[in-house]
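Residue numbers (the working numbering): 1 to 131.
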């Protein structure tokens with residue numbers, strides 16, 4: 001796993017960089033640890049069909065890492081969807097439950113824990129626009 005969470009060619013890269021920075025603040029980290037209480041593995045596929053995976057540890061540490069090489073950790077929840085759909089969900093423009101029901105969001109593991117990440121996204125708000 002890497003300290004860098006950026007992934008060229010992925011819209012979600014900016015969001016994960018924003019989340020990574022936010023998690024350096026103890027208050028934000030405690031919100032994630034207090035509400036989610038799980039390790040969530042997010043695998044996204046971009047327009048070029050390239051896949052990248054990030055691990056959000058809200059069980060013990062309150063950290064975010066990008067998986068680079070090696071096996072993908074199992075986690076408590078595994079989420080897979082398209083990069084663009086993830087960004088819609090992260091920005092509050094799409095509902096995770098609707099994405100799941102339409103087959104655009106695949107979840108393995110604890111479904112209730114998976115739904116809790118939407119509340120964290122709402123608490124964070126969208127990343128600030130780059131000038």
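Where a beta carbon is used, it is the ideal one built from N, C-alpha and C, also for glycine.
If you draw a straight line from the alpha carbon of residue 102 to that of residue 108, how long is it in whole angstroms? Taking the chain shown and counting its residues from 1, one reaches residue 102 at position 102. Taking the chain shown and counting its residues from 1, one reaches residue 108 at position 108. Straight through space, the alpha carbons of residue 108 and residue 102 are spaced by roughly 16 Å.
Exposure of residue 131, with buried meaning 16 or more beta-carbon neighbours within 10 Å: Within the chain shown, residue 131 is the residue found at index 131, counting from 1. With a pLDDT of only 41 at residue 131, under the threshold of 50, the placement of this residue in the model should not be trusted, and no figure is reported.
Whole-angstrom Cβ separation of residue 178 and residue 43, contact assumed at under 8 Å? Given a span of 1 to 131 for the chain in the structure shown, any question on residue 178 remains unanswerable.
DSSP three-state label for residue 109, please. Numbered from 1 along the chain shown, position 109 holds the residue referred to as residue 109. Under the three-state reduction of DSSP, residue 109 is assigned to strand.
Closest Cα partner of residue 74 within the set 29, 23, 63 and 55: The residue labelled residue 74 in the question sits at position 74 within the chain shown. When only C-alpha atoms are compared, the closest one is 55.
Using the beta-carbon count (16 or more within 10 Å), is residue 13 buried or exposed? Translated into the one-based positions of the chain shown, residue 13 becomes position 13. Residue 13 should be labelled buried.
May I have the straight-line CA-CA distance separating residue 118 from residue 90, to the nearest angstrom? The sequence position of residue 118 within the chain shown is 118, counting from 1. The sequence position of residue 90 within the chain shown is 90, counting from 1. Roughly 7 Å between the two C-alpha positions.
For a test of the three-state rule: what should DSSP assign to residue 3, helix, strand or coil? For the purposes of this step, residue 3 is taken as residue 3 along the chain shown, with counting starting at 1. Coil at residue 3, not helix or strand.
Among all the DSSP beta bridges, which residues are the ones paired with residue 65? For the purposes of this step, residue 65 is taken as the residue at position 65 of the chain shown. Per DSSP, the beta bridge partners of residue 65 are 55.
Could you name the residues of the same chain whose beta carbon sits closer than 7 Å to that of residue 35, not counting the 5 residues immediately before and after it, in chain order? Walking along the chain shown from the start, residue 35 turns up at place 35. Shown here for residue 35: same chain residues with a beta carbon closer than 7 Å to its own, the five before and five after excluded, namely 116, 119 and 120 in chain order.
Grab the span of the alpha helix (DSSP H) containing residue 78 for me, first residue to last. To locate residue 78, count along the chain shown from 1; it is residue 78. No alpha helix (DSSP H) holds residue 78; the beta strand (DSSP E) holding it covers 77-82.
Where the alpha helix (DSSP H) through residue 98 begins and ends: In the chain shown, counting from the first residue as 1, residue 98 sits at position 98. Segment 96-101, the alpha helix (DSSP H) holding residue 98.
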